[in-house]
Ligand code: PXP
């Protein structure tokens, strides 16, 4: 069994910096290319309704110019569905979106919004995309994700990463571990993301059911100090080490 944990590099914040001045620098597609060379297994980009970072043109270029699978993060809106069906990225991840939030705060409440979400999941699946739902690590959310027919869930690990003290972090980690186990029992593929850093990635990478992590903001921030290649290489090796230790395999 291939036990290698995949790393999806989210390049949104390269576009954030570019957009601060307008123009084309720094180019998120160049970052995606470099991420691929540094060992990323996929590229993740969130085309937000307000286009605050990634643009329509970025998505077009990412699908045309980058060989790695693209994980297209999108709100469940008709506009985004149309864009997804036009570009047919490898994967589409449905995320919650509110204009006023700074970042994606909490997972998509699929239990509350299942009626709205059902046709989006179906259309994306019919369009041959791997559909994932970005949800909080709660049994009811997993249950509804399964009922909606999504093959993948991405567990929001922000509460774990942002926990104020070790007790709170341990509590949040236990919820994620439990949720990953339950998701796997339901036959769902498990991904995780949001807020991961060098300090927080290990325990999440060690969860055996998790097959993919999506990481962006920290890597881009760290790239300012050490370069993108170095930041991704270090993240990759921390992930691999945690997974190897957890599974007792010899390579670390
Ligand atoms: N996964 C999903 C579904 C997200 O929405 C985000 C943030 O855009 C991430 C992962 C990456 O989070 P971060 O940038 O905090 O690493």
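Residue numbers (the working numbering): 9 to 260.
Beta carbons: idealized from backbone N, C-alpha and C, even for Gly.
Mark residue i as exposed unless 16 or more other C-beta atoms lie within 10 angstroms of its C-beta, in which case mark it buried.
i           : result
residue 312 : With the chain covering only 9 through 260, there is no way to say anything about residue 312.
residue 154 : buried
residue 64  : exposed
residue 148 : exposed
residue 232 : exposed
residue 239 : buried
residue 235 : exposed
residue 11  : exposed
residue 50  : buried
residue 31  : exposed
Would you say residue i faces chain D, with C-beta separation under 8 angstroms as the test?
i          : result
residue 43 : Of the protein chains in this structure there is only one, and it is not chain D.
Do you know whose CA, among the options, lies nearest residue i's CA?
i           : options               : result
residue 219 : 197, 225 and 202      : 197
residue 208 : 172, 231 and 134      : 172
residue 36  : 134, 154, 66 and 76   : 66
residue 135 : 206, 97 and 28        : 97
residue 184 : 199, 11, 195 and 61   : 199
residue 210 : 24, 181 and 70        : 181
residue 203 : 157, 226 and 192      : 226
residue 25  : 80, 62, 84 and 177    : 62
residue 133 : 152, 168, 45 and 159  : 159
residue 85  : 106, 40, 169 and 152  : 106
residue 48  : 241, 254, 232 and 253 : 241
residue 243 : 179, 175, 231 and 206 : 206
residue 228 : 69, 151, 72 and 52    : 52
residue 18  : 72, 76 and 29         : 76
Do you know offhand how far residue i's Cα is from residue j's?
i           : j           : result
residue 43  : residue 142 : 23 angstroms
residue 22  : residue 54  : 12 angstroms
residue 237 : residue 95  : 28 angstroms
residue 256 : residue 146 : 28 angstroms
residue 74  : residue 40  : 7 angstroms
residue 178 : residue 33  : 40 angstroms
residue 20  : residue 78  : 13 angstroms
residue 60  : residue 137 : 25 angstroms
residue 193 : residue 45  : 35 angstroms
residue 170 : residue 27  : 27 angstroms
residue 176 : residue 223 : 22 angstroms
residue 151 : residue 174 : 29 angstroms
residue 120 : residue 72  : 36 angstroms
residue 139 : residue 80  : 10 angstroms
residue 168 : residue 29  : 34 angstroms
Cutting at 7 angstroms between CB atoms, please list the residues of its own chain near residue i, excluding the five before and the five after it.
i           : result
residue 189 : 217
residue 144 : 114, 115 and 164
residue 69  : 37
residue 9   : At residue 9, the pLDDT of 41 sits below 50, so the modelled position is not reliable; the number obtained from the coordinates is stated separately. Result list for residue 9: empty, nothing under 7 angstroms.
Whose C-beta lies closer than 8 angstroms to the C-beta of residue i among residues of the same chain, with five residues either side of it excluded?
i           : result
residue 82  : 54, 55, 88, 89, 91, 92, 100, 101, 102 and 103
residue 156 : 118, 122, 125, 126, 129 and 141
residue 221 : 13, 14, 15, 16, 199, 200, 201, 204, 209, 212, 213 and 247
residue 195 : 154
residue 131 : 89 and 93
With a CB to CB cut of under 6 angstroms and the five nearest residues on each side skipped, what residues in its chain are close to residue i?
i           : result
residue 13  : 213, 247 and 251
residue 245 : none
residue 230 : 239
Inter-stretch contact at 8 angstroms, needing at least 3 Cβ pairs: the region 178-192 / the region 149-169: yes
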